[in-house]
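Undergrad: Under UniProt numbering, residues 1 to 162 are what the sequence shown spells out, in order.
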Amino acid sequence: MRRMLDCREVPSENGCTLTLTGEEDEVLEAGAAHAVAAHGHTDGEELRAGLRDHLRDAPYATGAGAFVQLIEFRTQQYDQMDMLIDGWAAEIGADRTARWMVMGRDLDRADTYVEVVEFPSAEAAKKNSDSPVTSAFASKMMGVCDGPATFRNLEVTRAETP
């Protein structure tokens, strides 16, 4: 499994957006060099331990048998929604079963968004839905939505990448 570090997931003063992906040892080495050069850290075991804590599996193409959930919602408070999603991700931590997500704003319908969330299987999606962290998030989400969200649950039958 390829691993990644994403500066956007770690608070920083300079708003760095660098993402590193590769074999774990390569990513840690490059991440340490970047942390020293771009963020002024001192290389050492403390820095590398912190980097290890932020390592995660890199997203990869979805294949047949995977599961995708589409969530459509309307809100005039997208910034709050974004913060709720970040809070959910931090709170669920290692129990997260979603491998990746994409959020899109509908250009034809004001204040309408569609989130695409991928799971390795329908069972993994159910485990996510059954989590108390996800239940609490869903309740908060409905508080910032203009009406109910629509969910579509899709078993992937074909997926291609160029």
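Here a beta-carbon is modelled for each residue, glycine too, at the ideal position from N, C-alpha and C.
Below 8 Å, can you find three or more Cβ-Cβ pairs linking the segment 39–46 to the segment 97–104?
TA: With the cut-off at 8 Å, the segment 39–46 and the segment 97–104 do not touch.
Undergrad: Rounded to whole angstroms, what is the Cα-Cα separation between residue 70 and residue 104?
TA: If you number the sequence shown from 1, residue 70 lands on position 70. If you number the sequence shown from 1, residue 104 lands on position 104. Their Cα atoms are separated by approximately 11 Å.
Undergrad: Please classify residue 142: is it buried, with 16 or more other beta-carbons within 10 angstroms of its beta-carbon, or exposed?
TA: As a working mapping, residue 142 is identified with position 142 in the sequence shown. Label assigned to residue 142: exposed.
Undergrad: Since residue 55 and residue 5 should fall inside the 8 Å C-beta cutoff, what is the C-beta to C-beta distance between them, to a whole number of angstroms?
TA: Numbered from its first residue, the sequence shown carries residue 55 at position 55. Numbered from its first residue, the sequence shown carries residue 5 at position 5. So it is a contact: roughly 6 Å between Cβ atoms.
Undergrad: Mind checking residue 51: buried by the 16 CB within 10 Å criterion, or exposed?
TA: Translated into positions along the sequence shown, residue 51 becomes position 51. With 16 or more other Cβ atoms within 10 Å, it is buried.
Undergrad: Where residue 20 and residue 94 are concerned, what is the direct C-alpha to C-alpha distance, given to the nearest angstrom?
TA: Taking the sequence shown and counting its residues from 1, the one referred to as residue 20 is at position 20. Taking the sequence shown and counting its residues from 1, the one referred to as residue 94 is at position 94. Rounded to whole angstroms, residue 20 to residue 94 spans 20 Å at the Cα level.
Undergrad: Please report the straight-line C-alpha distance between residue 119 and residue 9, rounded to a whole angstrom.
TA: The residue labelled residue 119 in the question sits at position 119 within the sequence shown. The residue labelled residue 9 in the question sits at position 9 within the sequence shown. If you take the alpha carbons of residue 119 and residue 9, they lie about 20 Å apart.
Undergrad: Have a look at residue 126 and residue 37 and give me their C-alpha separation to the nearest angstrom.
TA: The residue you call residue 126 lines up with position 126 of the sequence shown. The residue you call residue 37 lines up with position 37 of the sequence shown. If you take the alpha carbons of residue 126 and residue 37, they lie about 43 Å apart.
Undergrad: Which value, in whole angstroms, describes the spacing of the CA atoms of residue 58 and residue 23?
TA: As a position in the sequence shown, residue 58 is number 58, starting the count at 1. As a position in the sequence shown, residue 23 is number 23, starting the count at 1. Distance between the alpha carbons of residue 58 and residue 23 is about 10 Å.
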